Amino acid sequence: MTNGANHHQVLFVDDDPDFLVTLRDLYQMTNGHDWQIHSATSANQALEILDSQRIDLVVVDVNMPIIDGIQLIGILKRRHPKLKRAVLTGLATPEKRAASLANGADLFIEKATSPEGYNSIFAMLAELLQWAPREGFQGVLRKVGLQDVIQMECLARNSSILEIYNQNVLGRIYIEDGQLVHAVTGEMTGEHALYKLLSLPGGSFELAQFEAPPEKTLNGQWEMLLMEAARVKDENAALGKTEENEFETPVQSKTSARLEGTLVCTRTGETLFDAVSDDSSPHVAWLQSIEQQALQMGEIFPLGGFDRLESELTDGRVLALSRANKLVYVRVSTTLGGK
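Residues in the sequence shown are numbered consecutively from 8, following the numbering used here.
Shown next, in the form of structure tokens:
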């Protein structure tokens, strides 16, 4: 097999060296894809390879000593966020599938028992290599996107930077220990910058590693800031202000949004944070049911992990969000008011 710059670089990680040799032989027998195969028998060896050369796809086994495949997937997601990641295991269980997808695996596959089965596996991996994100926001900004990422970061008390891109706008929103501390776009900072960024009709955003902002321009609880941002966005939409230079912060609005309740629980149903006015058990059951249905769909179609679901209501919306080993319920209501 020739080595070329146009070949996909694929790294298989398994603590069984004989399996890695067999896998390479099976791939060479199929000869249907243009891959350069690399092998590693441990997580440390895999990380050394990734630090020394370009790799497009990593395929890891689950059961490995010291650092298992699920832990390795989580490390790869943080250190190499653009790398495509797949799990290939001989002991596939719903629990391992859920943990793998939650930690950043794009695909979860059970090892085959025949050469023909590995042809199918290679085909699925080839599809993953060809996959590219859709244009627009990673989450749809006008529905469930940037605001929900901010909510999840704040609920988890994370520190991060959201970098927002648009044809004419480049901005940043700083989150420190679960609080919004700074926003900037162009020469605009603080609340006006935050409201402007959250009113963008399209673009893209990425989570970046946290670094201290040059100044702190946002005060108050993040919930109130997001509610005010929603109010500003609705008012601007009602006034037909869609161009970037037309956005402004009105004194009053005709539509307001209010956070009615938030709940965070583990995947096993243990409540970590409860700010709902009624019994939380139905909300926990709803979150678990949605995740279970997502897992069942994932067994039929390679859709990746469950990320978020939005349900529109007559007076607002309900969000189900998934992050790491947590499930999040958010209920927002919208009301009309006179000026």
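Backbone N, C-alpha and C fix where the C-beta goes; we use that ideal spot for every residue, glycine too.
Bear in mind the structure is a predicted one, so any value in this text is a computation, not a measurement.
From the DSSP output, read off the bridge partner residues of residue 178.
171, 192
If I follow the unbroken beta strand (DSSP E) through residue 115, where does it start and stop?
114-117
Can you name the residues that DSSP bridges to residue 31?
Beta-bridge pairing links residue 31 to no other residue.
With H, G and I counted as helix, E and B as strand and the rest as coil, what does DSSP make of residue 91?
Three-state result, residue 91: strand.
Under the three-state reduction of DSSP, which class applies to residue 44: helix, strand or coil?
strand
State the Cα-Cα distance for the pair residue 275 and residue 194, rounded to the nearest angstrom.
If you draw a straight line from the Cα of residue 275 to the Cα of residue 194, it is about 46 Å long.
Among 157, 326, 137, 87, which residue has its Cα nearest to the Cα of residue 212?
Closest by alpha carbon: 157.
Are residue 171 and residue 153 closer than 8 Å when you measure CB to CB?
yes
When DSSP labels each residue in this structure, what does residue 339 get in the three-state scheme?
Per DSSP, reduced to three states, the secondary structure at residue 339 is strand.
On the three-state DSSP scale, how would you describe residue 23?
coil
Residue 35 burial status per 10 Å Cβ neighbour count (16 or more: buried)
exposed
Report the CB separation of residue 119 from residue 125 in whole angstroms; it is logged as a contact under 8 Å.
Rounded, the Cβ-Cβ distance is 5 Å, consistent with contact.
Under three-state DSSP, which class holds residue 238?
helix
Have a look at 61, 137, 79 and flag the residue whose alpha-carbon is nearest the alpha-carbon of residue 50.
Of the candidates 61, 137, 79, the one whose C-alpha sits nearest the C-alpha of residue 50 is 79.
What residue range is occupied by the uninterrupted alpha helix (DSSP H) comprising residue 129?
122-137
Can residue 65 and residue 54 be called in contact, C-beta distance under 8 Å?
Cβ distance not < 8 Å, so residue 65 and residue 54 don't count as in contact.
CA-to-CA distance, residue 300 to residue 77, given in whole angstroms:
22 Å
Please state whether the Cβ-Cβ distance between residue 123 and residue 96 is less than 8 Å.
no
Based on the DSSP secondary-structure assignment, which residues constitute the bridge partners of residue 278?
272
With DSSP as the reference, label residue 18 as helix, strand or coil.
strand
If we count the other Cβ atoms within 10 Å of its Cβ and call it buried at 16 or more, is residue 16 buried or exposed?
buried
Quick one: what's residue 211 bridged to in DSSP?
BP columns for residue 211 point to 172.
Please report the straight-line C-alpha distance between residue 138 and residue 108, rounded to a whole angstrom.
17 Å
Skipping 5 residues on each side, what residues in its chain have a beta carbon closer than 7 Å to that of residue 284?
268
Which partner residues does residue 186 have in the DSSP bridge list?
183
Determine whether the beta carbon atoms of residue 56 and residue 114 lie at a separation below 8 Å.
Against a cut-off of 8 Å, the Cβ pair of residue 114 and residue 56 comes out as no contact.
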